[in-house]
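Novice:
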Amino acid sequence: MPVHEDIHQSFRTREDNPEYHGMQHINRIYTIPNNDLKMITCQGLITMYMKQFKTFAEASILVRKPAVEIISYLNQADYSKPVNKYVLYGEDGTGKTSTMLHTLHYAYTKGQIIVHVPWIRSWFDGPKETANSITKTNKIDLPLHAAAWLRSFKTQNQHILNKADIKLSATHEWSATENSAKDSSLMDMIDFGISRIKFASNVIIKLMSELKQASTSGKCKVLVAIDGYNALFSQQTNIFNDNKQMVPASQVSLTEAFLDITKSDWCNGQVIVTVDKMATKENAESHFPRYLLTNEGFDHLDPFLPISVENYTEDEFNTVIEYYKNRKWIRNLSSDGQKELQLLSGGNPYKLMEYCKHL
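Structure below.
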């Protein structure tokens, strides 16, 4: 049930369940319960946010219009239809990731399986290990990244997967002597990928296919959340083949998995992605989805609903300043000083935090 507001700090809301967040909560800070935060950030989170949460001794984010808009759509969606797709876009530092975090919390409280990739570009920029794919010709596996993702996925969703008891729809062959048999547990296949890391990338590909089928058959609901999604269409990576030639993202086997789960050929789920200029090494002259996704990415996601995430409004800026004061992040700030901060930062959430950490 929604929480009745009775607070002594006007910049906060006591309503910590995002399912009930509406227009009346906009411009207020809400706090994610610690137990929820541990689960929704199993796959990690951008370092800036983790540092902020640790510094403030709480995980609090601003309730903003883009998140409330998406949550209202999720609450009203017809889950019998093909998945709706939402693309968060905006200039650097405007809060696309925190908006996604808000929706992840929503999915967790609703008991949905979460398929989360916190910053997909990191796989292409700093691969811990590469290997030629055993099952995919001319594809490169990222075994350590894949096994780590599977481990976090299991931790994040184990309580739901155990309850749903999803069985495999087909037998998946891994080698001449190893397979995951039809009607065996999906959890067993995940455990296989974690323990046999050379097969982890292929296990993720099959996992996405099985989740789509389980979701469509009504065994579960799935929320897909990928930050920096346009990296999947990048031509430049730090991954090289045996001939020392750089390979594009399309030749990385994990790309196949996350392109598959963002198709429109399944239902009973939702897809939320961000596009970001920093997610690609190519020149990014515009922050709009049509540009960052390229023709290939745009056609792949279409149809989708673009959601603009912009710099703080004046009311949002004032709320965040009050919160920073409350957490002793800034002290003795005069009205002139506050106006200067607003001018210097331009209302950009990231820039504002960077300026405030020196005060």
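So that you can map any letter, position 172 of the sequence shown is 1036 in my numbering, and since no number is skipped, the others follow by simple counting. For each residue, glycine too, the CB sits at the ideal point set by N, CA and C.
#1: If you draw a straight line from the alpha carbon of TYR972 to that of GLY1211, how long is it in whole angstroms?
#2: Could you give the residue range of the alpha helix (DSSP H) that holds THR1153?
#3: With respect to the beta strand (DSSP E) encompassing HIS980, which residues constitute its N-terminal and C-terminal limits?
#4: Helix, strand or coil: how does DSSP classify TYR1176 here?
#5: Excluding sequence positions up to five away, which residues of its chain have a Cβ less than 7 Å from the Cβ of LYS1145?
#6: Suppose contacts are defined by Cβ-Cβ distances below 7 Å. Is PRO982 in contact with ASP1091 by that definition?
#7: Report the residue from ILE934, ARG878, TYR943 and ARG1191 whose alpha carbon sits nearest the alpha carbon of TYR950.
#8: Can you tell me where the alpha helix (DSSP H) holding LYS949 begins and where it ends?
#9: Determine, using beta-carbon pairs with one atom in the stretch 1182-1195 and one in the stretch 873-883, whether at least three such pairs fall under 8 Å.
#10: What would DSSP say about LYS1049, mapped onto helix, strand or coil?
#11: Mind checking which residues open and close the beta strand (DSSP E) that includes VAL1116?
#12: Under the rule that 16 or more other beta-carbon atoms within 10 Å means buried, what is GLN940, buried or exposed?
#13: Grab the span of the alpha helix (DSSP H) containing ILE935 for me, first residue to last.
#14: Quick check: the Cα distance between ALA1078 and SER1044, rounded to an integer number of angstroms?
#15: May I ask you to report which of helix, strand or coil DSSP gives GLU1037?
#16: Considering only their Cβ atoms, is the gap separating SER1065 from SER1016 smaller than 7 Å?
#17: Identify which residue in TYR1188, LEU1165 and ILE1136 has its Cα closest to the Cα of ALA931.
#18: Counting C-beta neighbours from all protein chains within 10 Å, is the total for MET838 16 or more, i.e. buried, or is it exposed?
#19: Please report the residue range of the alpha helix (DSSP H) in which TYR913 lies.
#20: Under three-state DSSP, which class holds THR1101?
#21: Pull up the CB-CB distance for LEU1008 and ILE1061, whole angstroms please, since I reckon it's below 8 Å.
#22: Does the distance from the C-beta atom of THR1138 to that of LEU968 stay below 7 Å?
#23: Going straight from the alpha carbon of SER1150 to that of MET912, what length do you get?
#24: Looking at the structure shown, is ARG1015 part of a helix, part of a strand, or coil, going by DSSP?
#25: Is the separation between the beta-carbon of THR1225 and that of ASN1175 shorter than 7 Å?
#26: From what residue to what residue does the beta strand (DSSP E) around SER924 run?
#27: Using the rule of at least 16 other Cβ atoms within 10 Å of the residue's Cβ for burial, across every protein chain shown, is ASN1159 buried or exposed?
#28: Run the CB neighbour count on ASN1021, radius 10 Å, all protein chains shown included, and call it buried at 16 or more, exposed below.
#29: Which whole-angstrom value describes the C-beta separation of CYS1084 and ILE1030, a residue pair presumed to lie in contact below a C-beta threshold of 8 Å?
#30: Over the uninterrupted beta strand (DSSP E) stretch that includes LEU901, give me the two end residues.
#31: Quick check on the DSSP output: the alpha helix (DSSP H) that includes LEU965 runs from which residue to which?
#32: Please list, in chain order, all residues of the same chain as VAL1111 whose beta carbon is under 8 Å from its beta carbon, the five residues on each side excluded.
#33: One question on the structure: do ALA1028 and LYS1046 come within less than 7 Å of each other, judged by their Cβ atoms?
#34: Identify every residue that forms a DSSP beta bridge with ILE1030.
Specialist: Let's see:
#1: In the sequence shown, residue 972 corresponds to position 108, counting from 1. In the sequence shown, residue 1211 corresponds to position 347, counting from 1. Between TYR972 and GLY1211, the C-alpha separation is close to 30 Å.
#2: Numbered from 1 along the sequence shown, position 289 holds the residue referred to as residue 1153. For the record, residue 1153 in the displayed sequence is Pro; it is not Thr. First-last of the alpha helix (DSSP H) with PRO1153: 1153-1156.
#3: Here residue 980 corresponds to residue number 116 of the sequence shown, with the count starting at 1. Where HIS980 is concerned, the enclosing beta strand (DSSP E) stretches over 977-981.
#4: Mapped onto the sequence shown, residue 1176 falls at position 312. In this structure, TYR1176 counts as coil in the three-state DSSP scheme.
#5: Locating residue 1145 in the sequence shown gives position 281, counting from the first residue. These residues qualify, in order along the chain: SER1098 and GLN1100.
#6: Position 118 of the sequence shown, counting from 1, holds the residue named residue 982. Position 227 of the sequence shown, counting from 1, holds the residue named residue 1091. Yes, the pair counts as a contact, with Cβ atoms nearer than the cut-off.
#7: In the sequence shown, counting from the first residue as 1, residue 950 sits at position 86. Comparing Cα positions, the closest option is ILE934.
#8: Start at 1 with the first residue of the sequence shown, and residue 949 comes out as number 85. Taken as a continuous stretch (DSSP letters only), LYS949 belongs to no alpha helix (DSSP H), being part of the beta strand (DSSP E) at 948-953.
#9: yes
#10: For this step, residue 1049 is matched to residue 185 along the sequence shown. Here residue 1049 is Ser; the residue named in the question, Lys, does not match the sequence. If DSSP states are grouped into helix, strand and coil, SER1049 belongs with the strands.
#11: Position 252 of the sequence shown, counted from the first residue, corresponds to residue 1116. Here VAL1116 belongs to no beta strand (DSSP E), and DSSP marks it neither H nor E.
#12: Within the sequence shown, the letter at position 76 stands for residue 940. GLN940 should be labelled exposed.
#13: Your numbering for residue 935 matches position 71 in the sequence shown. 929-940 is the extent of the alpha helix (DSSP H) around ILE935.
#14: The count along the sequence shown starts at 1 and reaches residue 1078 at position 214. The count along the sequence shown starts at 1 and reaches residue 1044 at position 180. Distance between the alpha carbons of ALA1078 and SER1044: 16 Å.
#15: Looking up residue 1037 in the sequence shown gives position 173. Strand at GLU1037.
#16: Along the sequence shown, one-based indexing puts residue 1016 at 152. Along the sequence shown, one-based indexing puts residue 1065 at 201. Contact flag unset, no.
#17: The residue labelled residue 931 in the question sits at position 67 within the sequence shown. Closest by alpha carbon: ILE1136.
#18: An answer regarding residue 838 cannot be provided, because it is not within the stretch 865 to 1223 covered by the chain.
#19: Residue mapping note: residue 913 aligns to position 49 of the sequence shown, counting from 1. Taken as a continuous stretch (DSSP letters only), the alpha helix (DSSP H) holding TYR913 covers 911-920.
#20: Here residue 1101 corresponds to residue number 237 of the sequence shown, with the count starting at 1. Correct three-state label for THR1101: coil.
#21: On the sequence shown, residue 1008 is found 144 positions in, with the first residue counted as 1. On the sequence shown, residue 1061 is found 197 positions in, with the first residue counted as 1. Confirmed, about 7 Å.
#22: Position 274 of the sequence shown holds residue 1138. Position 104 of the sequence shown holds residue 968. Going by C-beta atoms, THR1138 is not nearer than 7 Å to LEU968.
#23: The sequence position of residue 1150 within the sequence shown is 286, counting from 1. The sequence position of residue 912 within the sequence shown is 48, counting from 1. Approximately 24 Å, taken between the alpha carbons.
#24: As a working mapping, residue 1015 is identified with position 151 in the sequence shown. Three-state result, ARG1015: helix.
#25: Absent from the model: residue 1225. The displayed extent of the chain is 865 to 1223, so no value can be given.
#26: Reading the sequence shown from its first residue, position 60 is the one you call residue 924. That run of the beta strand (DSSP E) goes 923-926.
#27: Counting from 1 along the sequence shown, the entry for residue 1159 is found at position 295. Result: exposed.
#28: As a first step, residue 1021 must be located in the sequence shown, where it is residue number 157. Burial call: buried.
#29: The sequence position of residue 1084 within the sequence shown is 220, counting from 1. The sequence position of residue 1030 within the sequence shown is 166, counting from 1. So it is a contact: roughly 7 Å between Cβ atoms.
#30: Here residue 901 refers to the residue found at position 37 of the sequence shown. Counting along the chain, LEU901 falls outside any beta strand (DSSP E), though it belongs to the alpha helix (DSSP H) covering 898-904.
#31: On the sequence shown, residue 965 is found 101 positions in, with the first residue counted as 1. LEU965 -> alpha helix (DSSP H) spans 960-973.
#32: Here the question's residue 1111 lines up with position 247 in the sequence shown. The residues are ILE1004, THR1101, ILE1103, PHE1104 and ASN1105.
#33: Position 164 of the sequence shown, counted from the start, is the residue given in the question as residue 1028. Position 182 of the sequence shown, counted from the start, is the residue given in the question as residue 1046. No, the pair does not count as a contact, with Cβ atoms beyond the cut-off.
#34: In the sequence shown, counting from the first residue as 1, residue 1030 sits at position 166. Per DSSP, none; premise fails for ILE1030.
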